[in-house]
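In terms of the working numbering, the sequence shown opens at residue 891 and continues consecutively.
Note that beta-carbon positions come from the ideal geometry of N, C-alpha and C, so glycine has one too.
This report concerns only the one structure given below.
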Amino acid sequence: MLVGPSGSGKSTWAAARYRQQEVVSSDALRAVVGSGENDLDASADAFALLHQIVTGRVRRGLTVVVDTLGLDPDLRDRLREQGRAAGLPCVAVLFETPEALCRQRNATRDRPVPARVLGQQVAAFARAVEAVPGEGWDEVHTVREDAGVPAPSPAQVP
Ligand code: ATP
Ligand code: MG
891 MLVGPSGSGK
901 STWAAARYRQ
911 QEVVSSDALR
921 AVVGSGENDL
931 DASADAFALL
941 HQIVTGRVRR
951 GLTVVVDTLG
961 LDPDLRDRLR
971 EQGRAAGLPC
981 VAVLFETPEA
991 LCRQRNATRD
1001 RPVPARVLGQ
1011 QVAAFARAVE
1021 AVPGEGWDEV
1031 HTVREDAGVP
1041 APSPAQVP
């Protein structure tokens, strides 16, 4: 379960470490069932698919990296309990990327997340950082990306 505001580097981190089929992304699924990654009207359908994919993969004991903001505690609980029920290790990865860097990356995107929305995500992330260690994950990892500092190697982050 990836947890971090928009622009914190979740999708980039996942793509560098996992096969495409191992990563289930709510943004990518919005583009599948809607007009594009930012088609928020397609969110319900995208998340229905996300849950279906997670269910199918955990039933088979397969790795699944859930690439969403991860800021909703109920979603975290639901997915962790699914993994737990399947006997899989459940890992949360927190992206503690500085807010300024998230904003800088966000600004260069085709359709930037509005500044106010990013502020809400950053606030929700601060709550998640407090909550996640007590939620019952088998492991909690923190990825810290500062400008100019490379991300940890795969050997450091399982
Ligand atoms: P969202 O929640 O909006 O999907 P995200 O957390 O998945 O955001 P990414 O799409 O991975 O964020 O990264 C945002 C931008 O930052 C991209 O343009 C990406 O190329 C760049 N980026 C991500 N990680 C790094 C990194 N370690 N070093 C340099 N640039 C990075
Ligand atoms: Mg992403």
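- Message: For Ala982, list the residues DSSP reports as bridge partners.
- Response: Residue pairing by DSSP puts Ala982 in a beta bridge opposite Val1030.
| request: Look at the Cβ atom of Arg995, then the Cβ atom of Asn928, and state whether they are nearer than 7 angstroms. | output: For Arg995 and Asn928, no; Cβs fall outside 7 angstroms.
Below 8 angstroms, can you find three or more Cβ-Cβ pairs linking the stretch 971-987 to the stretch 1011-1029? By the Cβ rule, the stretch 971-987 counts as touching the stretch 1011-1029, because three or more pairs are nearer than 8 angstroms.
Tell me the DSSP secondary structure of Asp957 in three-state form.
Asp957: strand per DSSP, three-state reduction.
Checklist entry - Looking only at its own chain, which residues have a Cβ that is under 7 angstroms from the Cβ of Arg947, when we skip the five neighbours before and after it? => result Cβ-Cβ distances below 7 angstroms link Arg947 to Val954 in the same chain, with the five nearest sequence neighbours on each side left out; the list follows chain order.
**Asked** Quick one, are the C-beta atoms of Gly899 and Glu989 less than 7 angstroms apart?
**Response** It is not a contact, given that the beta carbons lie outside the stated cut-off.
Worksheet item: Can you round the beta-carbon distance between Asp935 and Val923 to whole angstroms, since I take them to be within the 8 angstroms contact cut?
Response: Asp935 to Val923, Cβ: 4 angstroms. Contact.
Endpoints, beta strand (DSSP E) assigned at Val913: For Val913, the uninterrupted beta strand (DSSP E) run begins and ends at 913-915, by DSSP.
- CB-CB under 7 angstroms to Thr987, same chain, minus the five flanking residues each way: which ones, in chain order? So the qualifying residues of the chain are Gly894, Ser898, Gly899, Glu1035.
Which runs of the alpha helix (DSSP H), 4 residues or longer, sit entirely within the stretch 986-1018?
-> Within the stretch 986-1018, the complete alpha helix (DSSP H) runs of at least 4 residues are 989-997.
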